[in-house]
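J.: I'd like to ask some things about the structure below.
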Amino acid sequence: MARFKGDITGSRGNASRLGDSKSGMSAHVRGWGLGIRIYADTDSDNPDADGFTLYATGGSNNPSESKRIGYVRLEDAAPVLYVSDTRASIERRPERN
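What follows is the structure, encoded as structure tokens:
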């Protein structure tokens, strides 16, 4: 039975994929010089819960370049983001209206 579902939309339409607790799921969305890879898996502290690991990548130009930037999981029914120490500056962008 599927535990994870991924959907993506692009110029060729929609696509979706499923993953279970053994396979997990990953996605890599990228531009030329920057991308983000997401791994969905069971949470290491609680195998009944989901966890998502986030990586910044070098995009299509260098997809094997990868730096962990965070981890997301539920705590007390609320999503919590743990930001990794990437030693990279993080800029806050103004929110769009």
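Mapping of the sequence shown onto our numbering: position 48 corresponds to residue 41, and the numbering continues sequentially without gaps. C-beta: ideal position from N, C-alpha, C; glycine also. Computed from a prediction, not measured in an experiment: that's the story for all the values here.
Quick check: the Cα distance between residue 83 and residue 77, rounded to an integer number of angstroms?
T.: With a pLDDT of 43 at residue 83, under the threshold of 50, the modelled position of this residue cannot be trusted; read the value that follows with caution. If you take the alpha carbons of residue 83 and residue 77, they lie about 11 Å apart.
J.: Within the stretch 13 to 45, note down every full alpha helix (DSSP H) run reaching 4 residues or more, in order along the chain.
T.: Whole alpha helix (DSSP H) segments, 4+ residues: zero.
J.: Please report the Cβ distance between residue 53 and residue 44, rounded to the nearest whole angstrom; I am assuming they are in contact, meaning their Cβ atoms lie under 8 Å.
T.: Not quite, the Cβ-Cβ distance comes to about 27 Å (not below 8 Å), so this is no contact.
J.: Apart from the five residues on each side of it in sequence, which residues of its chain come closer than 8 Å, Cβ to Cβ, to residue 72?
T.: Here the set comprises 65, 66.
J.: What whole-angstrom Cβ distance do residue 12 and residue 30 have, given they're in contact under 8 Å?
T.: Actually they do not touch by this definition, with Cβ atoms about 14 Å apart.
J.: Look at the Cβ atom of residue 50, then the Cβ atom of residue 58, and state whether they are nearer than 7 Å.
T.: Their beta carbons are under 7 Å apart, which means residue 50 touches residue 58 by this criterion.
J.: What is the DSSP secondary structure of residue 3, counted as helix, strand or coil?
T.: The answer is strand: DSSP assigns residue 3 an E or B state.
J.: Span of the beta strand (DSSP E) holding residue 63?
T.: 55 to 68 is the span of the beta strand (DSSP E), which, as asked, contains residue 63.
J.: Does the beta-carbon of residue 62 have 16 or more other beta-carbons within 10 angstroms, so that it is buried, or is it exposed?
T.: Residue 62 comes out buried.
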